[in-house]
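K.L.:
Just dropping this structure here.
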């Protein structure tokens, strides 16, 4: 178990050294796997990541890259497609997720979600 930030930094440095070995032994690989698991557990507990919707990731990537809707329109079926996605009216489909992943050099999984788009009538009293 990693109990402090100092230990975390130390084990991360050791893991980095193991990953840089030209010819790691079986024992090196086992040790690296154990360290990776310990580091991951520590980071998951210490630095939890909130579940983020794909549209939020897309909006952040667009902002970070100074992109406007028209700049990614070809990836998402035109400006109206981008608008529908950013407004939550439409989900990013698998093909679009792969195109976005390639465009932003990230995993397409960031853009995939099982959630359904918001309903236009969600605030209507029934």
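Residue numbers (the working numbering): 9 to 134. Cβ atoms here follow ideal geometry from the backbone N, Cα and C, with glycine treated the same way.
What's the call for residue 10, buried or exposed, on a 16-neighbour Cβ count within 10 Å?
P.N.:
With 16 or more Cβ atoms within 10 Å of its Cβ, residue 10 is classed as buried.
K.L.:
Mapping DSSP to helix, strand and coil, what is residue 32?
P.N.:
coil
K.L.:
Based on Cα-Cα distance, which residue from 40, 95, 112 and 48 lies nearest to residue 74?
P.N.:
Considering only 40, 95, 112 and 48, the residue with the shortest C-alpha distance to residue 74 is 112.
K.L.:
What number of angstroms, rounded off, separates the C-alpha of residue 104 from the C-alpha of residue 47?
P.N.:
33 Å
K.L.:
Which residue's Cα is closest to the Cα of residue 85: 22, 102 and 50?
P.N.:
102
K.L.:
So residue 80 is in the alpha helix (DSSP H); what residue range does that whole segment cover?
P.N.:
77–80
K.L.:
Quick one: what's got a C-beta closer than 7 Å to residue 44's C-beta in the same chain, skipping five residues either side?
P.N.:
23
K.L.:
Considering just the uninterrupted stretch of the alpha helix (DSSP H) at residue 111, what are its terminal residues?
P.N.:
102–112
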